[in-house]
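For the sequence shown, the UniProt record's numbering puts the final residue at 134, and the numbers step up evenly by one. The beta carbon of each residue, even a glycine, is placed where N, CA and C say it ideally should be. These figures come from a predicted structure and were not determined experimentally.
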Amino acid sequence: MRRKVAQGWKWEANYEHSDKGIIWLIWDPQLIECITLNKAEQYIHGRVVVKRNNMKFQLVVAYGLHTIHTRLKLWEDLRGISTRTQKPMICIGDFNAILSSEDRQLGNPFQKGEIRDFNEFMCNDPKGHFWKFS
């Protein structure tokens with residue numbers, strides 16, 4: 001698939017942590033330099049340099065597993081990454097969690113722990129601006 005979609009691009013996936021390879025990170029090496037620093041079942045963490053302007057930042061691409069219990073390791077690991085880095089960090093993905101009850105319009109009922117854990121991560125030592133969208 002990657003040969004058809006992104007010829008000449010580089011990529012990382014987390015197959016060594018998940019048979020499904022639930023996270024893929026794909027970039028154009030002519031525009032971006034990306035060095036993978038760590039991979040786990042629920043995230044890929046890397047250092048990114050935008051070649052055009054030499055902008056540098058840490059990037060975490062995450063996919064939160066489907067239960068509160070299985071996401072606890074994700075929050076723990078992401079807090080550790082955030083604590084260890086002094087560079088700006090972009091953390092993107094599908095966390096399978098919500099920040100407030102207003103974020104869930106339809107679907108399954110939410111659990112208070114789901115909101116608490118995600119909020120604790122988001123409010124833990126913020127290093128920049130916060131954006132959210134659905």
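Handout entry: Assumed close pair Leu25, Trp9 - CB separation to whole angstroms, cut-off 8 Å
Key = That belief does not hold up - the Cβ atoms of Leu25 and Trp9 are roughly 10 Å apart, past 8 Å.
Problem - Inter-residue spacing [alpha-carbon to alpha-carbon] between Gly39 and Ala97 - result: One point to set straight first is that residue 39 is Lys, not Gly, in the sequence displayed. If I take the Cα positions, the gap works out to 21 Å.
Problem - Gly93 beta carbon less than 8 Å from that of Val61 - result: For Val61 and Gly93, yes; Cβs fall inside 8 Å.
Problem - Short Cβ contact (8 Å threshold) for Lys73 with Gln42 - result: Gln42 sits close to Lys73, with the two beta carbons spaced by under 8 Å.
Exercise for the section: Specify the secondary structure class of Leu9 as computed by DSSP and reduced to three states. Expected result: Per the sequence shown, the amino acid found at residue 9 is Trp instead of Leu. Trp9: coil per DSSP, three-state reduction.
Practice task
Pull up the distance between the alpha-carbon of Gly46 and that of Phe118, whole angstroms please.
Solution key: C-alpha separation (whole angstroms): 21 Å.
Exercise for the section: Tell me the start and end of each unbroken alpha helix (DSSP H) in the stretch 54-100 that is at least 4 residues and wholly inside, in chain order. Expected result: Here the runs fully enclosed are 68-84.
Practice task
Measure the C-alpha to C-alpha separation of Ala13 and Ile44 and round it to an integer number of angstroms.
Solution key: As the crow flies, the alpha-carbon of Ala13 is around 8 Å from that of Ile44.
Exercise for the section: Would you kindly check if the distance between the Cβ of Phe57 and the Cβ of Ile23 is under 8 Å? Expected result: Not a contact, by the Cβ cut-off of 8 Å.
Practice task
Identify whether Lys20 lies in helix, strand or coil by the three-state DSSP scheme.
Solution key: Residue state, collapsed to three classes: coil.
Problem - Within 8 Å, strictly: CB atoms of Trp75 and Glu120 - result: The answer is yes: Cβ separation under 8 Å.
Practice task
Output the distance between the C-alpha atoms of Asn54 and Lys87, rounded to the nearest integer angstrom.
Solution key: Near 13 Å, if we compare the C-alpha coordinates of Lys87 and Asn54.
Exercise for the section: Could you check if Tyr63 is buried or exposed, using at least 16 other CB atoms within 10 Å of its CB as the buried criterion? Expected result: Here Tyr63 is buried: its Cβ has 16 or more other Cβ atoms, across all protein chains shown, within 10 Å.
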